[in-house]
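Novice: Pasting a structure here, questions to come.
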Amino acid sequence: MPCAPLTRGLSSVARKALMALTGLVLVGFVLGHMSGNLLFFRGPEALDAYAKWLHDLGPLLWAARVTLLVAVAIHIWVGISLAAENRAARAGGPEVAATRRASLASRAMPHTGVVILGFIAFHLLHFTFRAVNPEVAAAGDAGRVHDMIRLGFADPLVSAFYIVAMALLCLHLSHGVSSMFQTLGLRNERWRGPLDLAAAAYGWVIFLGFASIPLAVLVGIPPFPALAK
Amino acid sequence: MVKENAPGGHDATLRLTLRVWRQRRGQPGAFEEHTLAAVPTSASFLEMMDLLNEQLVRAGKEPFAFDHDCREGICGMCSMTINGMPHGPLPGVTTCQLHMRNFRDGETITVEPWRARAFPVLRDLAVDRSGFDKVIQAGGFISVRTGSAPEANTLPVPKPVADAAMDAAECIGCGACVASCKNGSAMLFVGAKVTHLNLLPQGAPEADRRAVAMVRAMDDAGFGNCTNYGECQAHCPKGITLDVIARLNRDYLGARLRGFFASTGKPRRGGD
Ligand code: HEM
Ligand code: SF4
Ligand code: FES
Numbered sequence: 008m009p010c011a012p013l014t015r016g017l018s019s020v021a022r023k024a025l026m027a028l029t030g031l032v033l034v035g036f037v038l039g040h041m042s043g044n045l046l047f048f049r050g051p052e053a054l055d056a057y058a059k060w061l062h063d064l065g066p067l068l069w070a071a072r073v074t075l076l077v078a079v080a081i082h083i084w085v086g087i088s089l090a091a092e093n094r095a096a097r098a099g100g101p102e103v104a105a106t107r108r109a110s111l112a113s114r115a116m117p118h119t120g121v122v123i124l125g126f127i128a129f130h131l132l133h134f135t136f137r138a139v140n141p142e143v144a145a146a147g148d149a150g151r152v153h154d155m156i157r158l159g160f161a162d163p164l165v166s167a168f169y170i171v172a173m174a175l176l177c178l179h180l181s182h183g184v185s186s187m188f189q190t191l192g193l194r195n196e197r198w199r200g201p202l203d204l205a206a207a208a209y210g211w212v213i214f215l216g217f218a219s220i221p222l223a224v225l226v227g228i229p230p231f232p233a234l235a236k
Numbered sequence: 524m525v526k527e528n529a530p531g532g533h534d535a536t537l538r539l540t541l542r543v544w545r546q547r548r549g550q551p552g553a554f555e556e557h558t559l560a561a562v563p564t565s566a567s568f569l570e571m572m573d574l575l576n577e578q579l580v581r582a583g584k585e586p587f588a589f590d591h592d593c594r595e596g597i598c599g600m601c602s603m604t605i606n607g608m609p610h611g612p613l614p615g616v617t618t619c620q621l622h623m624r625n626f627r628d629g630e631t632i633t634v635e636p637w638r639a640r641a642f643p644v645l646r647d648l649a650v651d652r653s654g655f656d657k658v659i660q661a662g663g664f665i666s667v668r669t670g671s672a673p674e675a676n677t678l679p680v681p682k683p684v685a686d687a688a689m690d691a692a693e694c695i696g697c698g699a700c701v702a703s704c705k706n707g708s709a710m711l712f713v714g715a716k717v718t719h720l721n722l723l724p725q726g727a728p729e730a731d732r733r734a735v736a737m738v739r740a741m742d743d744a745g746f747g748n749c750t751n752y753g754e755c756q757a758h759c760p761k762g763i764t765l766d767v768i769a770r771l772n773r774d775y776l777g778a779r780l781r782g783f784f785a786s787t788g789k790p791r792r793g794g795d
């Protein structure tokens, strides 16, 4: 029952495959992004040099950005159209609700997805467009990325939001990464257990990797050199 | 009534409160509450419903409509959502094979029809499952020349393939997968049919066309999209697994890819 104009004519299975393939692009990106970010713990020089290297990629960086933007747009668009159709197809469900197996993560996919979308918007305003805080903007514009991150996470509310958003991303991925294989027809009962485990492990790695940075800034461990003024 | 597990030759009985869905086609429905004073524990769930209906008829009231046929777990007609679970609390059984010994004395049991947009209520607990028929009409068959049957041994089928096809062919088309799915998706049913036929040499020549046509019919009938909850497998009375859904996804996506690059049999348009 295709309803969204952009995906009219694409079957349920084809649109699910689009979800899985765009999800895969995001899964790859998230892992790369997290690994790069962990240079934070190597100190200001390492991280600032990495940021400069990324920016100097020029057209390659833009190609990656456009790919990500397109993937996110398709993922959200198709995700919302599928979720809306599924609500209608269920017709309210039984008066007595019972669940035997569907995991919390699987049932919360649209909800965790929407919070992640909100997070992506805030995150881009915060560190990419630097429109949230002038101090953060000044450090970022001067190429002092390590300082920018420390200033950005100095506010416990902001740090808490990052940590909660990453926890929800972990939940999204703990279903999504295994679901992706099923959607593409690359799973069976023999591999479902190991893939579910791998998805959960991937989710936890992403969560711990990302959340460690705001957490480190909040508790001041490890101690880094004073912010350059 | 058979006395299968009657201790001391007598059936234990249960006193039950039943909340049963009452609905006329096209009108809103509601639960009606009734009590049954003595339900034998050896009665099947459908026999318990028979007792309720007899009690209603004796009181000059209207009995509840519900689907049933074989009452031995093979036809796929019985279809009740019992305390929120299609075919009730016991995994791997149909409603007709669920016995009252699985309930407690004094229990309140809620009985609803399958709930899904693609399965509109005809009356009370009976729903219209013709959406499944449309899916079957689209590809749940093989095309063969009629006439005398060919010698069976001319078509070798490896044992593991025959086993897997038979596992999928166990699907009785009851619709519990749709009713249990929080998306109202029919992927377990469609996957079972596609797997059963596409695995076998008789079905293989039409495998691509079948996968595409059955998915289209499934979407057109108003079923939802699978998000891999896995509820269907946990409620299917025949133990059909998510493997058939993976197979359906694989066959469908492969068919679309092959279709995309298939030869048209003609030179390209407007050129040499
Ligand atoms: C931007 C906001 C996002 C929204 C609104 C969103 C929404 C959704 C929805 C509705 C689904 C389908 C639910 C299902 O099929 O079970 C889904 C699946 C998925 N998402 Fe997201 N998501 C978002 C971001 C992300 C991100 C950042 C990643 C990866 C890092 C991701 C990875 C996945 C994966 C792998 C799947 C599984 C696809 C499948 O089932 O085959 N999503 N998402
Ligand atoms: S797959 Fe299982 S639950 Fe679904 S129709 Fe077939 S037998 Fe019933
Ligand atoms: S009545 Fe035939 S399967 Fe239950």
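Note that the protein sequences, when read in sequence, are chains V and W. For the first sequence, counting from 1, position 74 maps to 81 in my numbering; every step adds exactly one. For the second sequence, counting from 1, position 86 maps to 609 in my numbering; every step adds exactly one. Every residue gets a Cβ at the ideal spot worked out from N, C-alpha and C, and that includes glycine.
1) Cβ of proline 760/W versus every heavy atom of the ligand SF4: is any distance shorter than 7 Å?
2) Check whether the Cβ of isoleucine 81/V sits closer than 7 Å to any heavy atom of the ligand FES, and report yes or no.
3) What is the C-beta distance between leucine 202/V and serine 185/V, in whole angstroms, given that I count them as a contact (C-beta under 8 Å)?
4) Say yes only if the C-beta of cysteine 598/W is nearer than 7 Å to one or more non-hydrogen atoms of the ligand FES, and no if none qualify.
5) Kindly list the residues whose CB is nearer than 7 Å to the CB of leucine 648/W, restricted to its own chain and excluding five residues on each side of it in sequence; keep chain order.
6) Quick one: grab the DSSP three-state call for valine 680/W.
7) Please go through the same chain and pick out, in chain order, the residues whose beta-carbon is closer than 7 Å to the beta-carbon of methionine 741/W, but skip the five residues on each side of it.
8) Using DSSP bridges, identify the partner residues of tryptophan 60/V.
9) Closer than 8 Å is the cut-off here; do at least three beta carbon pairs connect the region 736 to 752 of chain W with the region 783 to 791 of chain W?
10) Of all the options Met623/W, Pro614/W and Ala736/W, which has the alpha carbon lying nearest to the alpha carbon of alanine 561/W?
11) In the DSSP assignment, find the alpha helix (DSSP H) that holds phenylalanine 554/W and state where it starts and stops.
12) Let me check you understand the geometry: is the CB of leucine 711/W closer than 7 Å to at least one non-hydrogen atom of the ligand SF4?
13) Hey, leucine 559/W and leucine 541/W: beta-carbon distance below 8 Å or not?
14) What residue does the beta strand (DSSP E) around arginine 542/W start on, and which one ends it?
15) Is any non-hydrogen atom of the ligand PLP found closer than 7 Å to the C-beta of glycine 607/W, if you look at the structure I gave you?
16) Between isoleucine 763/W and the ligand SF4, is there a pair consisting of the residue's CB and a ligand heavy atom that are separated by less than 7 Å?
17) Between histidine 767/W and alanine 715/W, how many whole angstroms is the CB-CB distance? I'm expecting something under 8 Å.
18) At which residues does the alpha helix (DSSP H) containing arginine 646/W begin and terminate?
19) Would you say phenylalanine 746/W reaches chain V, if we count a Cβ-Cβ gap shorter than 8 Å as a contact?
20) Answer yes or no: does any C-beta atom of chain V fall closer than 8 Å to that of valine 738/W?
21) Which residues in the same chain as valine 226/V place their Cβ atom closer than 6 Å to its Cβ, once the five residues preceding and following it in sequence are excluded?
22) For the beta strand (DSSP E) holding isoleucine 632/W, just list the boundary residues, first then last.
23) Do valine 717/W and aspartate 774/W have their C-beta atoms closer together than 8 Å?
24) At a threshold of 7 Å, does alanine 699/W count as lining the ligand SF4 (C-beta to nearest heavy atom)?
25) If I'm right that valine 224/V touches phenylalanine 160/V with Cβ under 8 Å, what's the distance once you round it to whole angstroms?
Specialist: In brief:
1) yes
2) no
3) That pair is a contact at about 4 Å.
4) yes
5) Within its own chain, the residues whose Cβ lies closer than 7 Å to the Cβ of leucine 648/W, once the five positions on either side in sequence are excluded, are Trp544, Phe587, Ala588, Phe589, Met603, Val634 and Pro636, listed in chain order.
6) coil
7) Same-chain partners within the cutoff: Val658, Ala709 and Val713.
8) BP columns for tryptophan 60/V are empty, so no partner.
9) no
10) Met623/W
11) Careful: phenylalanine 554/W lies outside any alpha helix (DSSP H), inside the beta strand (DSSP E) at 553 to 563.
12) Result yes, Cβ under 7 Å from the ligand SF4.
13) yes
14) 536 to 545
15) The ligand PLP is not part of this structure, which contains only the ligand HEM, the ligand SF4 and the ligand FES.
16) The answer is yes for isoleucine 763/W.
17) The displayed chain sequence assigns valine, not histidine, to residue 767/W. 5 Å between Cβ atoms; contact.
18) Note, arginine 646/W: premise wrong, no alpha helix (DSSP H); beta strand (DSSP E) at 644 to 646.
19) yes
20) yes
21) none
22) 631 to 635
23) Their beta carbons are under 8 Å apart, which means valine 717/W touches aspartate 774/W by this criterion.
24) yes
25) 4 Å
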